[in-house]
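Data block below; observations after.
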Amino acid sequence: MATAMTPAQQGASCAHDGHAHDHKDDSYDLEDLAFDPTLASCCERDEHEYKKAMQLKAVLTAHDRTSGAVRMRQQLFQPPVTSSATLQPSVVAPQPPLESDSDFDDSDDEFGVEAMLSARRQQLQQAAQDAVDGYGVVLDAGLLQLTQELQNEPQVPRVVLVVDCCEESGFLRIMRGEMAAVARRFLGTKFYVVRASCERDDDELRQLRLSSVPSLAAFRRGERVDSIVLDPKALLTELEVLWEARFLPWLAKCSVLTSERQTSQNRRRANSKKVVDEEETGFDCGVESCRLRFGYEHEHVGTSQQTKDEIASWRQTSA
Numbered sequence: 019m020a021t022a023m024t025p026a027q028q029g030a031s032c033a034h035d036g037h038a039h040d041h042k043d044d045s046y047d048l049e050d051l052a053f054d055p056t057l058a059s060c061c062e063r064d065e066h067e068y069k070k071a072m073q074l075k076a077v078l079t080a081h082d083r084t085s086g087a088v089r090m091r092q093q094l095f096q097p098p099v100t101s102s103a104t105l106q107p108s109v110v111a112p113q114p115p116l117e118s119d120s121d122f123d124d125s126d127d128e129f130g131v132e133a134m135l136s137a138r139r140q141q142l143q144q145a146a147q148d149a150v151d152g153y154g155v156v157l158d159a160g161l162l163q164l165t166q167e168l169q170n171e172p173q174v175p176r177v178v179l180v181v182d183c184c185e186e187s188g189f190l191r192i193m194r195g196e197m198a199a200v201a202r203r204f205l206g207t208k209f210y211v212v213r214a215s216c217e218r219d220d221d222e223l224r225q226l227r228l229s230s231v232p233s234l235a236a237f238r239r240g241e242r243v244d245s246i247v248l249d250p251k252a253l254l255t256e257l258e259v260l261w262e263a264r265f266l267p268w269l270a271k272c273s274v275l276t277s278e279r280q281t282s283q284n285r286r287r288a289n290s291k292k293v294v295d296e297e298e299t300g301f302d303c304g305v306e307s308c309r310l311r312f313g314y315e316h317e318h319v320g321t322s323q324q325t326k327d328e329i330a331s332w333r334q335t336s337a
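Under our numbering, think of the first position of the sequence shown as 19, with each following residue one higher.
Given below as structure tokens:
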């Protein structure tokens, strides 16, 4: 049994015989959307976040070796541009806004761009200061200067490459490059390249206990720990492998590779000693030989050692 439709249902139903209309105007009105404050705010926030993301991407890829290698390969293997080739429209990278929007400028900087830039500046300043102090770089010095520095600062571990004055440039260049890479990893060790002559500098070499040139020597506490005799002709083609497979493990065994400078170590030890002293500023019974001197509160009953000594001396004098 069919039921009759109400007038409201008939007007809302598109299948009714007497209801004829189209849906072409049911879409959103663009003019109404253009003046929608909520949508405009969302679009403005999206644009602001996109600019921050592009700025963060530029910071991350500024010193990216992988991206640089990809760009180099693209330049090498890209076919030459002919005159008949159509010019592609240049894509302009979005520039960071000169003035930040006050409505969307978060004080905590959700992407951390400013914090990354500040950390990078501090890292570069620290690297420059380390280079001034002789850390993270390869220093050129003479035998007399090296001997004097070993006497003045014996607490600094050192790695010294001693080469002949007439040494070929290929061996020295590769060795210097490998030493520079290791020096940047171990900022608590100083690395030197010393030029010497077996005939002219025989006394200085004997004082440093170096028997032959060229050689790689490790110094700790102002004295030579060990040294390795080098053969430039045999090592020239495999120096990169030898540094990782032989020289670095050998230097580690000599205990001359450290990533922390001696001043920082001394400061940390002084701070730890200060903390221990602060912990011991509580109860003190005053007896040096007491194992519970700084423990819980207690007192010593009986004659003290000073009183015993006084009684013993009095007995000797009275006798």
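Every residue gets a Cβ at the ideal spot worked out from N, C-alpha and C, and that includes glycine.
- Per DSSP, S336 is one residue of the alpha helix (DSSP H) stretching across Q323 to S336.
- In the structure shown, A80 falls within a coil segment according to DSSP collapsed to helix, strand and coil.
- Annotation: the continuous beta strand (DSSP E) that includes D182 extends over R176 to D182.
- Per DSSP, the continuous beta strand (DSSP E) segment holding A214 begins and ends at K208 to A214.
- Here L157 is buried: its Cβ has 16 or more other Cβ atoms, across all protein chains shown, within 10 Å.
- In the DSSP assignment, S245 falls within the beta strand (DSSP E) that extends over E241 to V247.
- By the neighbour-count definition (other C-beta atoms within 10 Å, threshold 16), L223 is a buried residue.
- Its Cα nearest to that of L269, the residue S245 stands out among S245, C184 and R279.
- The C-beta separation of V181 from R227 comes to about 17 Å, leaving the pair out of contact by the 8 Å criterion.
- For a cut-off of 8 Å, the C-beta gap from L168 to F237 is around 6 Å, short enough to register as a contact.
- With 16 or more other Cβ atoms inside 10 Å of its own Cβ, A201 counts as buried.
- Contact between F312 and D302 holds: CB atoms are separated by about 6 Å, below the 8 Å threshold.
- Non-local beta-carbon contacts of V247 in its own chain, meaning distances under 6 Å to residues more than five positions away in sequence, involve S230 and S233 in chain order.
- The C-beta of A235 has 16 or more other C-beta atoms within 10 Å across all chains shown, which makes the residue buried.
- Taken through DSSP and simplified to helix, strand or coil, F189 comes out as helix.
- For Q163, the closest alpha carbon among the candidates S136, A149, A263 and V178 is that of V178.
- Taking C-beta atoms as the reference points, E196 and E241 fail to come closer than 8 Å.
- K208 is positioned such that its CB atom lies no closer than 8 Å to that of V243.
- Annotation: V211 to D221 spans about 18 Å, alpha carbon to alpha carbon.
- When the alpha-carbon of Q324 is set against those of E306, M72 and L161, the nearest one is in E306.
- Per DSSP, L234 is one residue of the beta strand (DSSP E) stretching across S233 to R238.
- In the structure shown, D158 adopts extended strand secondary structure according to DSSP, grouped into three states.
- Of the residues S215, L205, L161 and R194, the one whose Cα lies closest to the Cα of Q225 is L161.
- If you draw a straight line from the Cα of E171 to the Cα of A145, it is about 21 Å long.
- Rounded to whole angstroms, the separation of the alpha carbons of G154 and K251 is 28 Å.
- In the three-state reduction of the DSSP assignment, G195 falls in the helix class.
- Taking the Cα positions, Q141 is about 10 Å away from M134.
- The beta carbons of K69 and V131 sit about 11 Å from each other, so the pair does not count as a contact at 8 Å.
- Taken atom to atom, the span from the alpha-carbon of F265 to that of A149 is near 23 Å.
- For Q144, the uninterrupted alpha helix (DSSP H) segment begins and ends at V131 to D151.
- A Cβ-Cβ contact shorter than 8 Å links S277 with G206.
- Sequence-distant Cβ neighbours of E315 in its own chain, meaning closer than 6 Å and more than five residues away, are F301.
- For P172, the secondary structure class from DSSP, reduced to helix, strand or coil, is coil.
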